[in-house]
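Asks: So the sequence shown is numbered by this note's numbering: it starts at 35 and just counts up by one.
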Amino acid sequence: MELGYNKFQGPCPSELCYLLNLGRLSLSSNLLSGRLPSCIGNITSLRYLYLDSNNLSFNLPSNLWRLRDILELNLSTNSFSGSFSSENENLKALITVDLSVNNFFGDIPTAIGGLQSLQALSLKHNRLQGFIPESMKNMLELQYLDLSFNNLTGEIPNSREVLQNLVYFNVSFNRFRGPIPHGGPFANFTKLSFLSNEALCDAPWLQPCQTLEQSSRKKTVLFVLLALGSAVVAMVVSFLVIRKWRRKIMSPSNLDPDTTFERVSFHELRQITNGFSESALLGSGTFGSVYKGIRENGMTWAIKVFDLQLDGAFKSFNRECEVLRCLRHRNLTMVISACSNPDLKALILEYMPNGSLEKRLYSGTHILNIMQRLDIMIDVACGLEYLHYGYPTPVIHCDLKPSNILLDQDMVGHVCDFGIAKLLGDGESVVQTKTLATFGYIAPVHLQDEPVKNKIACISSILELALCCTADASKDRMTMNDVLKHSRRLNFNSLGLKPLKQVAF
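As structure tokens, then:
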């Protein structure tokens, strides 16, 4: 029974349970909600069950695990919750299981190792915790395993090396520690399989693992350092107290006591940019220009000067200060200081000698190889992951595009320009943020204006019609009568055009 990709709403009907000879049931990509019928396990003839991409929720019914002959089970992209039952070992015939993008929690049961016919298992984007069960080494037919975006811990067992058929493995965004296995299929997996874990090691792109001898040596050194430190602690405390007292006396009364950034004067900025001359100009943006400045100590700065004559410049400056003052990540542009007075609003940023990604992609003089492009993609993804999940207040950039990705001397990508970024408060989510991005860098489907939607629909239909009229083979092209019939259905008014008149051929 194929009923997928419709708009069915409401609960999944329990009347389905009377179809005792049903072998295949697909209700994918509908609007079903509520619980899965508790009688679903009565359809013992069921071989294929697809309920993915709905709004189903609550725990899975216990008799689901009675479907001993089921081959494929897909419940992904719903809101199912609860822990996994150890009874799943009864499903000996299972070949494919996809339970990703739900709210399952708890440990992965040891009994899962009994599914020895399983070839594909996806549990990504849940709230699972604990260790990878040692029993999974018995799943010798396994080819695809995705456990990413959970809260799993411990080490990746070496026993996974016996899974010789494994061609895809992903444990990114968990809390795994220890060495990454090297044998068997693990010799072919790249760093994309292990991103953002707590302390993985022993791979070309990671730090080497510490031996017991190294750990013991570190403890000894630490003990000695602590002993030496205790001897001078009184001197350090005295020095800090005196230094703080002198700073308090010498600092101006209007200086924010919480400021930790280096102080920079307008005079110095003007001096190191030759009076903000064209020769020091790096580029211009929506709210101002960026200049290159070299200090006396040889340090190079990128100085973003806001044009105060433009509407929104003050707001953009304040927003960047608010967002960047506490953010610290290797893939975000670091703010060094700021200069604010009635005549000038400027941010002093880390200088990126390799310019923007836009220049590298489209200038024609700078060519990025495939590995550089992949590394930059990972850099940007890591920066966004920190903004969305690694900071107490989630930050939505709202204007991500190649010109807002800068490259340092090592070609590491840094996300910049937070002038229209949004800080999410309690109860807000990413989908509630207002669309503010540069037009052309955001999918039209996200635009909420109905006239814009109508224009996009009309233009898409015109392009489809044009493709049908320009097919390579004449027999595949539409006749002019058919063209006129289709054109009369188009909403030309949304584009400010008059519809075509009837013409006889």
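Built from N, CA and C at the ideal position, the CB exists for glycine as well. All values reported here derive from a predicted model rather than from experimental measurement.
What is the DSSP secondary structure of I217, counted as helix, strand or coil?
Replies: Translated into the one-based positions of the sequence shown, residue 217 becomes position 183. First, the amino acid is wrong: residue 217 is Gly here, not Ile. DSSP places G217 in coil when its eight states are reduced to three.
Asks: Does the contact criterion of 3 or more C-beta pairs under 8 Å hold for the stretch 176 to 193 versus the stretch 152 to 165?
Replies: yes
Asks: May I ask you to report which of helix, strand or coil DSSP gives S91?
Replies: Within the sequence shown, the letter at position 57 stands for residue 91. Here S91 sits in strand by DSSP.
Asks: On the DSSP bridge assignment, give the partners of D132 in chain order.
Replies: Position 98 of the sequence shown holds residue 132. Beta-bridge pairing by DSSP links D132 to N108, S156.
Asks: Going along the chain, which residues of its own chain have a beta-carbon closer than 8 Å to the beta-carbon of N231, five neighbours each way excluded?
Replies: Taking the sequence shown and counting its residues from 1, the one referred to as residue 231 is at position 197. Excluding positions up to five away in sequence, the list reads V205, S206, F207, N208, R209, F210, R211.
Asks: Note down, in chain order, each residue of its chain lying with its Cβ closer than 8 Å to the Cβ of Q43, except the 5 sequence neighbours on either side.
Replies: In the sequence shown, counting from the first residue as 1, residue 43 sits at position 9. So the qualifying residues of the chain are N64, L65, L66, S67.
Asks: Give the C-beta separation of L101 and G75 to the nearest angstrom, bearing in mind that I take them to be a contact with Cβ-Cβ under 8 Å.
Replies: Start at 1 with the first residue of the sequence shown, and residue 101 comes out as number 67. Start at 1 with the first residue of the sequence shown, and residue 75 comes out as number 41. L101 to G75, Cβ: 6 Å. Contact.
Asks: Tell me I328's beta-bridge partners as DSSP assigns them.
Replies: Numbered from its first residue, the sequence shown carries residue 328 at position 294. Bridge partners of I328: T334.
Asks: By DSSP, does F473 sit in helix, in strand, or in coil?
Replies: The residue you call residue 473 lines up with position 439 of the sequence shown. Any answer about F473 is weak, because its pLDDT of 48 lies below 50 and its placement is not dependable; what the coordinates show is given next. The answer is coil: DSSP assigns F473 none of H, G, I, E or B.
Asks: What number of angstroms, rounded off, separates the C-alpha of S72 from the C-alpha of L98?
Replies: Within the sequence shown, the letter at position 38 stands for residue 72. Within the sequence shown, the letter at position 64 stands for residue 98. Distance between the alpha carbons of S72 and L98: 8 Å.
Asks: Run through DSSP, which three-state label would V22 get?
Replies: Nothing about residue 22 can be read from this structure; the chain reaches only from 35 to 539.
Asks: To the nearest angstrom, how far is the alpha carbon of H159 from that of Y423?
Replies: Here the question's residue 159 lines up with position 125 in the sequence shown. Here the question's residue 423 lines up with position 389 in the sequence shown. C-alpha separation (whole angstroms): 14 Å.
Asks: Is P291 helix, strand or coil when you go by DSSP?
Replies: For the purposes of this step, residue 291 is taken as residue 257 along the sequence shown, with counting starting at 1. Annotation note: pLDDT 37 at P291 (below 50); position unreliable, coordinate value reported separately. P291 falls in the coil class under three-state DSSP.
Asks: Quick check on this structure: which residue in S62, R58, D86, C373 has the alpha carbon closest to the alpha carbon of G38?
Replies: As a working note, residue 38 is residue 4 in the sequence shown. Answer by Cα proximity: S62.
Asks: May I have the straight-line CA-CA distance separating F228 from A505, to the nearest angstrom?
Replies: For this step, residue 228 is matched to residue 194 along the sequence shown. For this step, residue 505 is matched to residue 471 along the sequence shown. So the alpha carbons of these two residues sit roughly 46 Å apart.
Asks: Please return the same chain residues whose Cβ sits closer than 8 Å to the Cβ of G57, not counting the five positions on each side in sequence.
Replies: Translated into positions along the sequence shown, residue 57 becomes position 23. Contacts found: S79, L80, R81, Y82.
Asks: Output the distance between the C-alpha atoms of I306 and I328, rounded to the nearest integer angstrom.
Replies: For the purposes of this step, residue 306 is taken as residue 272 along the sequence shown, with counting starting at 1. For the purposes of this step, residue 328 is taken as residue 294 along the sequence shown, with counting starting at 1. I306 and I328: Cα-Cα distance of roughly 6 Å.
Asks: Over what stretch of residues does the beta strand (DSSP E) that includes Q406 continue unbroken?
Replies: Here the question's residue 406 lines up with position 372 in the sequence shown. Following the DSSP letters along the chain, one finds Q406 in no beta strand (DSSP E) but inside the alpha helix (DSSP H) bounded by residues 404 to 419.
Asks: Can you tell me which of the three DSSP states L361 falls into?
Replies: Residue numbering aside, residue 361 sits at position 327 when the sequence shown is read from its first letter. Coil.
Asks: According to DSSP, G68 sits in a beta bridge with which residue or residues?
Replies: As a working mapping, residue 68 is identified with position 34 in the sequence shown. Per DSSP, L90.
Asks: Note down the Cα distance separating F183 from R161, rounded to an integer number of angstroms.
Replies: Stepping through the sequence shown from its first residue, residue 183 is reached at position 149. Stepping through the sequence shown from its first residue, residue 161 is reached at position 127. Going from the Cα of F183 to the Cα of R161 covers about 8 Å.
Asks: Report yes or no: do three or more beta-carbon pairs, one from the stretch 372 to 382 and one from the stretch 391 to 405, lie closer than 8 Å?
Replies: Fewer than three pairs of CB atoms, one per stretch, sit closer than 8 Å, so the stretch 372 to 382 makes no contact with the stretch 391 to 405.
Asks: For G116, which residues from the same chain have a beta carbon less than 6 Å from its beta carbon, with the 5 sequence-adjacent residues on both sides left out?
Replies: Numbered from its first residue, the sequence shown carries residue 116 at position 82. The residues are N93.
Asks: Could you tell me whether any non-hydrogen atom of the ligand COA is closer than 7 Å to the CB of S120?
Replies: In the structure on display, the ligand COA does not appear, and there are no ligands present to speak of.
Asks: Tell whether a beta-carbon distance below 8 Å holds between G389 and L441.
Replies: The residue labelled residue 389 in the question sits at position 355 within the sequence shown. The residue labelled residue 441 in the question sits at position 407 within the sequence shown. Going by C-beta atoms, G389 is nearer than 8 Å to L441.
Asks: On a Cα-Cα basis, can you pick out the residue from F118, E168, H520 that is closest to S494?
Replies: As a working note, residue 494 is residue 460 in the sequence shown. Checked all of F118, E168, H520; the closest Cα to S494 is H520.
Asks: Quick check: what's the CA-CA separation for A380 versus C360?
Replies: As a working note, residue 380 is residue 346 in the sequence shown. As a working note, residue 360 is residue 326 in the sequence shown. Rounded to the nearest angstrom, the two C-alpha atoms are 18 Å apart.
Asks: DSSP beta-bridge partners for D377?
Replies: Sequence index remark: in the sequence shown, residue 377 carries index 343 (1-based). Beta bridge pairing from DSSP links D377 with no other residue.
Asks: When DSSP labels each residue in this structure, what does R277 get in the three-state scheme?
Replies: Along the sequence shown, one-based indexing puts residue 277 at 243. The pLDDT assigned to R277 is 44, lower than 50, so where the model puts this residue is not dependable; a value taken from the coordinates is nonetheless given after this. In the structure shown, R277 sits in a helix (DSSP, three-state: H, G or I).
Asks: What's the call for S264, buried or exposed, on a 16-neighbour Cβ count within 10 Å?
Replies: On the sequence shown, position 230 is the one that residue 264 refers to. Counting Cβ neighbours within 10 Å, S264 comes out exposed, since fewer than 16 surround it.
Asks: Run through the DSSP bridge pairs and tell me what S318 is partnered with.
Replies: Position 284 of the sequence shown, counted from the first residue, corresponds to residue 318. DSSP, once it has assigned bridges, lists S323 as partnering S318.
Asks: Is the beta carbon of L107 less than 8 Å from the beta carbon of V131?
Replies: On the sequence shown, position 73 is the one that residue 107 refers to. On the sequence shown, position 97 is the one that residue 131 refers to. Cβ distance < 8 Å, so L107 and V131 count as in contact.
Asks: Go through its chain and collect everything with a Cβ distance to G332's Cβ below 8 Å, but skip five positions before and after it.
Replies: Locating residue 332 in the sequence shown gives position 298, counting from the first residue. The answer is none, since no qualifying residue turns up.
Asks: Please name the residue, chosen from T367, C46, D341, D103, that lies closest to L90 on a Cα-to-Cα basis.
Replies: Translated into the one-based positions of the sequence shown, residue 90 becomes position 56. Closest option to L90, Cα to Cα, is C46.
Asks: Looking at the unbroken alpha helix (DSSP H) that takes in I439, where does it start and where does it end?
Replies: Mapped onto the sequence shown, residue 439 falls at position 405. No alpha helix (DSSP H) contains I439, which is instead part of the beta strand (DSSP E) from 439 to 441.
Asks: Using alpha carbons as the reference points, say which of K435, Y425, P426 lies closest to R394.
Replies: The count along the sequence shown starts at 1 and reaches residue 394 at position 360. The shortest C-alpha separation from R394 is found at K435.
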